[in-house]
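Just so you know, the protein sequences line up as chains A and Y, in that order. If you count the first sequence from 1, you need to add 40 to reach my numbering. If you count the second sequence from 1, you need to add 1 to reach my numbering. In this text, a Cβ means the ideal position worked out from N, Cα and C, and glycines have one as well. Fair warning: this is a prediction, and the values are worked out from it, not measured in the lab.
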Amino acid sequence: KQEVTQIPAALSVPEGENLVLNCSFTDSAIYNLQWFRQDPGKGLTSLLLIQSSQREQTSGRLNASLDKSSGRSTLYIAASQPGDSATYLCAVIQGGSEKLVFGKGTKLTVNP
Amino acid sequence: EAGVVQSPRYKIIEKKQPVAFWCNPISGHNTLYWYRQNLGQGPELLIRYENEEAVDDSQLPKDRFSAERLKGVDSTLKIQPAELGDSAVYLCASSLPSGGAYEQYFGPGTRLTVT
């Protein structure tokens, strides 16, 4: 059974700092990996999707990497801003399935 | 382009009462998902539709939960009767038919409180 773990569970940083969120998964036979953002009381906003054949994806100040063989992904946020404060969720799709398996998320607080 | 629409946004009911949630996916997205998110947890899949066919309902508690997707567009998720443990956020998502290759887009969710 696929399990996804996100470390740390919570992170507080000053504005302007670069930061890394970590995601690990137990079964490397994934189809793709998706990073989401969730604001309090809101749904999930897709940030980046990395196909299993890709190593990284970039969008603005966000960069996500994937090392499928080691079962790890990282989300790098450059020059963090208070508006980046949210919970960030990592999810994988297993090969042969379309079900997203989620981690519990990392709650990020960026202090002005 | 309109996103995934869900209603209601919030629902408070007493235990043993029925409740229904509605979802309208992004136009052209044949695949529709219902997830449940408990407090402090990631969402977990309840059911997945390809057009009007439920192709994965293995996680749906079928004794009290039911779902339908008439005409392959809108979908309704029902709980009858609700239990205290059903309090959660119910999220609907949609994607292009993909084999998992495409992003899933989520609606704002329905927050259910069972008292």
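Y/R70 is positioned such that its CB atom lies no closer than 8 Å to that of Y/D57. For the stretch 67-101 of chain A, the residues whose beta carbon sits under 8 Å from a beta carbon of chain Y are, in order, Y71, N72, Q74, F76, G81, K82, G83, L84, T85, S86, L89 and Q91.
Counting C-beta pairs with one atom in each stretch, the stretch 120-135 of chain A and the stretch 32-39 of chain Y have fewer than three that are closer than 8 Å, which means they do not touch.
Secondary structure note for A/N62: its beta strand (DSSP E) is the uninterrupted segment L59 to F65. For a Cβ distance threshold of 9 Å, residue set G43, P44 and Q105 of chain Y lies close to A/A131, ordered along the chain. Under the three-state reduction of DSSP, A/K82 is assigned to coil, being neither helix nor strand. The DSSP-derived three-state label of A/K108 is coil. By the Cβ-count criterion, A/N72 is buried, with 16 or more other Cβ atoms from all chains shown falling within 10 Å of its own Cβ. In this structure, DSSP gives A/P122 a helical state, which the three-state scheme calls helix. Spanning the alpha carbons of A/L51 and A/D124 requires a straight line of approximately 12 Å. Sequence-distant Cβ neighbours of A/S68 in its own chain, meaning closer than 7 Å and more than five residues away, are K108, S109 and G111. By the Cβ neighbour-count rule, A/I47 is exposed, with fewer than 16 other Cβ atoms within 10 Å of its own. Nearest CB-CB separation between Y/T32 and chain A: below the 8 Å threshold.
The beta carbon of A/E138 falls within 8 Å of a beta carbon belonging to chain Y, placing the residue at that interface. Residue contact with chain A for Y/D75: absent (no Cβ-Cβ distance below 8 Å to any residue of chain A).
Contact holds between the stretch 5-23 of chain Y and the stretch 106-113 of chain Y, because three or more Cβ pairs, one in each stretch, are under 8 Å apart.
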